[in-house]
Amino acid sequence: MPPAEPSAEPDAVPADHGTADGSGSNADGSTGVEDTLDLELTEELLALIAEGRSAGATRAGAPGELLGDPGAWPPSATAAGEFALLPVRPERDLAVVSRWMNDPAVAAFWELAGPESVTADHLRPQLEGDGRSIPCLGVLDGTPMSYWEIYRADLDPLARHYPARPHDTGVHLLIGGVNNRGRGVGTTLLRAVADLVLDNLPRCGRVVAEPDLRNTPSVSAFLSAGFRFSAEVDLPDKRAALMIRDRTYRAQL
Numbered sequence: 010m011p012p013a014e015p016s017a018e019p020d021a022v023p024a025d026h027g028t029a030d031g032s033g034s035n036a037d038g039s040t041g042v043e044d045t046l047d048l049e050l051t052e053e054l055l056a057l058i059a060e061g062r063s064a065g066a067t068r069a070g071a072p073g074e075l076l077g078d079p080g081a082w083p084p085s086a087t088a089a090g091e092f093a094l095l096p097v098r099p100e101r102d103l104a105v106v107s108r109w110m111n112d113p114a115v116a117a118f119w120e121l122a123g124p125e126s127v128t129a130d131h132l133r134p135q136l137e138g139d140g141r142s143i144p145c146l147g148v149l150d151g152t153p154m155s156y157w158e159i160y161r162a163d164l165d166p167l168a169r170h171y172p173a174r175p176h177d178t179g180v181h182l183l184i185g186g187v188n189n190r191g192r193g194v195g196t197t198l199l200r201a202v203a204d205l206v207l208d209n210l211p212r213c214g215r216v217v218a219e220p221d222l223r224n225t226p227s228v229s230a231f232l233s234a235g236f237r238f239s240a241e242v243d244l245p246d247k248r249a250a251l252m253i254r255d256r257t258y259r260a261q262l
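The numbering of the sequence shown is the working numbering, which starts it at 10 and goes up by one.
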C-alpha cells in the first residue's frame, strides 16, 4: 500500500519547456507550449531496465534486511518472566505449532486446524520468502508457549486497507497453553514484543496489529499493552480492529 504521507522523488527531472539554447521560446516564437520527446525503447533497453529492477528488488528483499534477526534480539525481562523470540525451525517446531493451531480457541480465528501439513503450508512462504515476515516461537523462561509473526505491514496486503507508513511493523500472535490465558500474560508479552520491535528496528515508527473485531479478549489485551484503537478495517477474511502502538508515545502508554 502507498504510504500515508507523500514521498519525495529526488531523482525526478522537471519538464523542460524551452529550446536547446535555453531561450524559453519555441522555434515559431510561441511560449508556454510543452514539448515532448518520442523515445523508442528498444528490446535491449527494455531488457536492461528489467534487469536493473530485478537486481534492485533482490537487494532490497534479501533475508535479514527487512526485519533483521529477531532471534538475535536481547531477551526481555517481564513480570511474567524472561521472554525471547526464537525464529521457527520446522524440523524442531512444526509439531508444537500445529498442536496449538488445533486448539479450538485458536482455530476459531487462525483457521489452520488440521494435520501438520496445514501448518507447514502456512509457514513455508514465510520461511522461503524475502524476510518480510518471520514466524517465531515465544519462549518464556526457556519454555515455548506462544507463536508470533513479525512482519513488515507496509509491504503486506494489509497496507491496502489502511494509510501505511514506511517501516510499519506488524505482529500476529497466539498463546499456546491454556494456563497462560486469561491472566494478563498476553498483555505483558504484547508490550514486550512491541518494545523489542521498536528497540531493534530504529526506522520503525509504529507497531501495528489487526485482531479480529470479534476477538474481544485480544483487542482488550492490545489496548492494555499500550496500543490504541485506530479504525475498523474490512479485510478479505475478517473485520478487524486496527491497533497501533506509536514510538512517540510508548513512554506514556
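Where is the CB? At the ideal position from N, CA and C, for every residue including glycine.
The shortest CA-to-CA distance from ARG248 to any of THR178, THR87 and ARG223 is the one to ARG223.
Within the model, the alpha-carbon separation for ILE184 versus ARG200 is close to 14 Å. Listed in chain order, the non-local C-beta contacts of VAL217 below 6 Å within the same chain comprise ALA162, ASP177, GLY179 and ILE253, local neighbours out to five positions each way being set aside. Here DSSP, grouped into helix, strand and coil, assigns ASP139 to coil. The continuous beta strand (DSSP E) containing THR87 extends over residues 85-87. VAL148 and PHE92 do touch by the CB rule: their CB atoms are close to 7 Å apart, below 8 Å. When the alpha-carbon of ASP165 is set against those of LEU182, GLY186, GLY140 and TRP157, the nearest one is in GLY140. SER85 and CYS145 have their alpha carbons spaced roughly 15 Å apart.
With a beta-carbon spacing of about 4 Å, ASP150 and GLY90 fall inside the 8 Å limit used to define contacts.
Taking a contact as a CB-CB distance under 8 Å, the pair LEU95 and TRP82 does not count as one, their CB atoms being some 10 Å apart. Under a 10 Å Cβ-count criterion, ASN189 is classified as buried, with 16 or more other Cβ atoms of the shown protein chains found around its own Cβ.
Between the C-alpha atoms of VAL202 and ALA114 there is a straight-line separation of about 22 Å. Check the Cα spacing between ARG259 and each of TRP157, CYS213 and PRO220: the tightest is with CYS213.
Rounded to the nearest whole angstrom, the CA to CA distance from GLU219 to LEU251 is 5 Å.
In this structure, LEU207 places its C-beta atom within 8 Å of the C-beta atom of ARG256.
Straight-line measurement puts the Cα of ASP130 at about 29 Å from the Cα of ARG215. In the three-state reduction of the DSSP assignment, PHE118 falls in the helix class, which pools H, G and I. Less than 8 Å separates the beta-carbon of TYR156 from that of LEU182. With at least 16 other beta carbons inside 10 angstroms of its own, ALA168 counts as buried.
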